[in-house]
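Just add 14 to the spot in the sequence shown (first one is 1) and you have this note's numbering. Beta carbons are placed, not taken as given, at the ideal position from N, Cα and C, and that holds for glycine. To start, the structure under review is shown below, and the notes come after it.
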Amino acid sequence: MGINMKIERWIRNWLKGRLQWVILKGELSGWKEVTSGVPQGSVLGPILFNLFITDLGTKSGNVLIKFADDTKLGGIANTEKDWDIIQEDLDDLVNWSNSNRMKFNSEKCKVMHLGINNKNFGYKLGIHQLEVTEEEKDLGVLVDHRMTMSRQCDMAVKKANAVLGGIRRGTSSKDKEVLVPLYKALVRPHLEYCVQFWSPMFKKDEFKLEQVQRRATRMIRGMENLSYERGLKELGLFSLTKRGLRGDMTALYKYIRGINIREGEELFKLSTNVDARTNGYKLDIRKFTLEIRPRFLTITGVKF
């Protein structure tokens, strides 16, 4: 792993010989040796955890995505043979967890079937039959089995409106110097968190999101009777739709020339038909049949 002996000894000494005690109703327990884990909130802890789970799913024949302690397994199951391969991958994950004494929480592990003609096979994690769900929150984004992202839009709007209402009730000033920074810092992030992934498919969902910003601008003194577009111009703001397009371009750049080049090679394909104006970076628009596909970054970013 490229760790020299001095660092290895330092880490070993840091992990060994740690003691802890607890307080319950004012009473102190005795000292107890800590035989696993690392101090919470440490910088080194997440690094060591990532090293510990490096070999998790290395034998998988499907797509395995890991982010901290969140693990997702995905695959195409059109036949019983495909189902068997996915179930074998699940069995391998269980074997790894048993060998490393890090059990999966089976109550939090679920199956989401995607696609109209999905066979809806059942899967097990060890002896536990996995529950089937039609929507699940994944790293803060609510994903539904139809991939329309309407439920995520509703959730984002609800959170943003709740914060906006708190600002309205808790702030006496109606000046733009006060309300605009509060809106940018506390409200808008709820409407834009990971939006390159869940960009709304329907106009009604776009309107719901934009309506939050429209409501925020009308809270400001002097903006009550202005049109939405005029209000944005006066406040130096852009519509969420325009900000979304800019976010698409930023994300696309990171995939093509930035820090996410490795992932970009799997998501995008360079066109062989280039000219002097494209500087060799013209992207192919991949074919699709589903109506939801044009709303994803892999299509919107390339077409724009």
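Using a C-beta cutoff of 8 Å, does residue i count as contacting chain B?
i      : result
ASN119 : Absent from the structure: chain B. Only one protein chain is present.
Which same chain residues end up closer than 6 Å to residue i when comparing Cβ atoms and leaving out the 5 residues on each side of it in sequence?
i      : result
SER50  : none
HIS204 : ALA170, LYS173, ALA174
THR312 : LEU281
VAL177 : LEU200, VAL201
VAL146 : VAL125
PHE66  : none
TYR242 : ARG228
ARG309 : SER213, MET215
ILE79  : LYS86
GLU238 : ARG232
Taking only three categories from DSSP, how would you classify residue i?
i      : result
HIS159 : coil
HIS142 : strand
ILE270 : helix
PHE216 : coil
ASP189 : coil
PHE151 : According to the sequence shown, residue 151 is Lys rather than Phe. Note: LYS151 maps to strand in three-state DSSP.
LYS198 : helix
LYS173 : helix
LYS124 : strand
SER253 : coil
LYS117 : coil
TYR242 : helix
ILE275 : helix
GLY258 : helix
ASN112 : helix
ARG182 : helix
MET263 : helix
LYS133 : coil
CYS208 : coil
PHE310 : coil
ARG232 : helix
MET19  : helix
Bridge partners for residue i per DSSP, in chain order?
i      : result
LEU284 : LEU297
VAL226 : Answer is none; VAL226 lacks a bridge partner.
Which residues in the same chain have their Cβ closer than 8 Å to the Cβ of residue i, if we skip the five residues on either side of it in sequence?
i      : result
PHE216 : THR162, SER164
PHE81  : LEU153
MET19  : none
VAL48  : ARG32, LEU33, GLN34
SER120 : LEU139, GLY140, HIS142, LEU144
ARG182 : MET233
ASP96  : GLY89, ILE90
LEU193 : ILE181, THR185, SER187, ALA230, MET233, ILE234
LEU58  : ILE25, TRP28, VAL52
VAL108 : PHE118, LEU139, GLY140
Return the chain-ordered list of same chain residues with a C-beta closer than 7 Å to the C-beta of residue i, the five sequence neighbours on each side being excluded.
i      : result
CYS167 : PRO214, ASP219, LYS222, LEU223
TRP110 : LEU70
LEU156 : GLU149, ARG165, GLN166, MET169
TRP24  : none
ASN274 : LYS268
ARG160 : none
CYS123 : LEU139, LEU144
Assess, as a yes-or-no matter, whether the stretch 67–82 is touched by the stretch 25–40 under the definition of 3 or more beta carbon pairs within less than 8 Å.
-> no
Pair every Cβ in the stretch 183–200 with every Cβ in the stretch 226–240, then say whether three or more of these pairs are closer than 8 Å.
-> yes
Do the stretch 99–110 and the stretch 131–143 meet, that is, are 3 or more Cβ pairs less than 8 Å apart?
-> yes
Which runs of the alpha helix (DSSP H), 4 residues or longer, sit entirely within the stretch 21–105?
-> 58–66
Contact between the stretch 251–264 and the stretch 194–212 (3+ Cβ pairs under 8 Å) | yes
Tell me, please, whether the stretch 121–136 touches the stretch 84–98 by the rule of three or more beta-carbon pairs shorter than 8 Å.
-> yes
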